[in-house]
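The structure under discussion appears below in the form of structure tokens.
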Amino acid sequence: MNPNSSEPSQRSSSCDNPSHNSTEAPRGSANSHASDERNSAPKKTRGFSRAINTSNIMLTTGKRIEIHLDEDLGVPVGQVRNISSLLSHECGYQVRNNAPLLQAHWDDVDEDTMHKLIDGVTTNFEVDTKDPRWYKYICDNMRNRYNDYKHKLFKYYNSCESDEAARENPPLKLLRERDLSEWEWLCDHFMSEKFQKRSEVDSINRSKNPWNHCGGSRPFSLYYHDQVLGGSQFPDIDAWGTTHMSKKKKDWVNDAAKDAHMR
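Counting from 1, one number per residue, gives the positions in the sequence shown under my numbering.
Structure follows, in structure tokens:
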């Protein structure tokens, strides 16, 4: 799914802050509205990872986390458990806090900003960013995290009854410390004809996909790597099965996925 061009949906539900009745578009930073947010219903959700586990490891060991790329599979490996997930969370943390939102696509991020984001990852991880393989891996990971972030913002926008309601009730938890002008820019972007047309095309393309995977944001290569380490004789087939088998239902995501795996 391309988060920068998600499917527009019918706005049948209100925003997360229905008690906010201001008739003016908000100004300042999301942090300035923190008191309004605290007055909202105390519903507990998983929310965003804040790289807490990474920080705890740093405090315990007193040094950066060593990580390497598997030369054959090109996936992160190291002594720390779930190290690829930790790295992905760190990339997401850098993106959500420091990547600019005043642009339509990740490819629009300028080179200087890109280097700063990548350097932010090296604060906790011992990564050779001069290695082109590492540079590409982190850039690709950040691209995915950026798209995920933009998709969450668009999903919130679509949950509002109108464009005006979305502007009057910014998603404070998602925006964090960002200036609210970024949210207003995104609202303009979501309303643009170009965005709407691309959303429609993406919606049609997604409808043609006979199944959805349930592997989350974890890349397929890591599931493949798990199967190799586990001694699977057919790691590609078994990895595909893992990512299309619902843990909740303990069954295939649908009959089409089951048939494809059996073939």
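Beta carbons: idealized from backbone N, C-alpha and C, even for Gly.
Exercise for review: Please find out if some non-hydrogen atom of the ligand NAP comes closer than 7 angstroms to the beta-carbon of HIS68.
Suggested key: This structure lacks the ligand NAP, and indeed carries no ligand of any kind.
Check your understanding: Using 8 angstroms as the threshold, is the region 110–117 in touch with the region 73–88, meaning 3 or more CB pairs across them?
Key -> At 8 angstroms Cβ cutoff, the stretches do not touch.
Exercise for review: Given a cut-off of 8 angstroms, decide if ARG145 and CYS91 are closer than it, judged by their beta-carbon atoms.
Suggested key: The Cβ atoms of CYS91 and ARG145 lie closer than 8 angstroms to each other.
Exercise for review: Would you check if the distance between the CB atom of TYR149 and the CB atom of VAL95 is smaller than 8 angstroms?
Suggested key: Yes; because the gap between Cβ atoms is below 8 angstroms, this pair is in contact.
Point to revise | Cβ-Cβ separation, TRP185 to LEU102 (assumed contact under 8 angstroms), whole Å | key: The C-beta distance from LEU102 to TRP185 rounds to 5 angstroms, short enough to meet the 8 angstroms contact threshold.
Practice item. Can you grab the Cα-Cα spacing for the pair GLN196 / SER88, in whole Å? Key: The alpha-carbon of GLN196 is positioned some 30 angstroms away from that of SER88.
Practice item. Express the C-alpha separation of SER199 and PRO170 in angstroms, rounding to a whole number. Key: Between the alpha carbons of PRO170 and SER199 lies a gap of roughly 22 angstroms.
**Study point:** Whole-angstrom distance between THR60 and TRP183, CA atom to CA atom
**Key:** Straight across, the Cα-Cα distance linking TRP183 with THR60 is about 38 angstroms.
**Study point:** Contacting residues, own chain, Cβ-Cβ under 6 angstroms from TYR277 (five flanking each side not counted)
**Key:** Given that the chain is displayed from residue 1 to residue 263, the structure contains no residue 277 and the question cannot be resolved.
Review point. Comparing alpha-carbon positions, which option in SER162, LEU174 and LYS173 lies nearest PHE190?
Key: In terms of CA proximity to PHE190, SER162 leads the group SER162, LEU174 and LYS173.
Practice item. Quick one: measure Cβ to Cβ for GLU126 and ILE65, integer angstroms, because I've assumed they're closer than 8 angstroms. Key: Indeed they touch by this definition, with Cβ atoms about 7 angstroms apart.
Review point. In angstroms, rounded to a whole number, what distance separates the CA positions of GLU71 and TRP134?
Key: If you take the alpha carbons of GLU71 and TRP134, they lie about 11 angstroms apart.
Point to revise | Which of helix, strand or coil DSSP assigns to HIS68 | key: Three-state result, HIS68: strand.
Practice item. Work out the CA separation of THR54 and GLY231 for me, nearest whole Å. Key: Going from the Cα of GLY231 to the Cα of THR54 covers about 29 angstroms.
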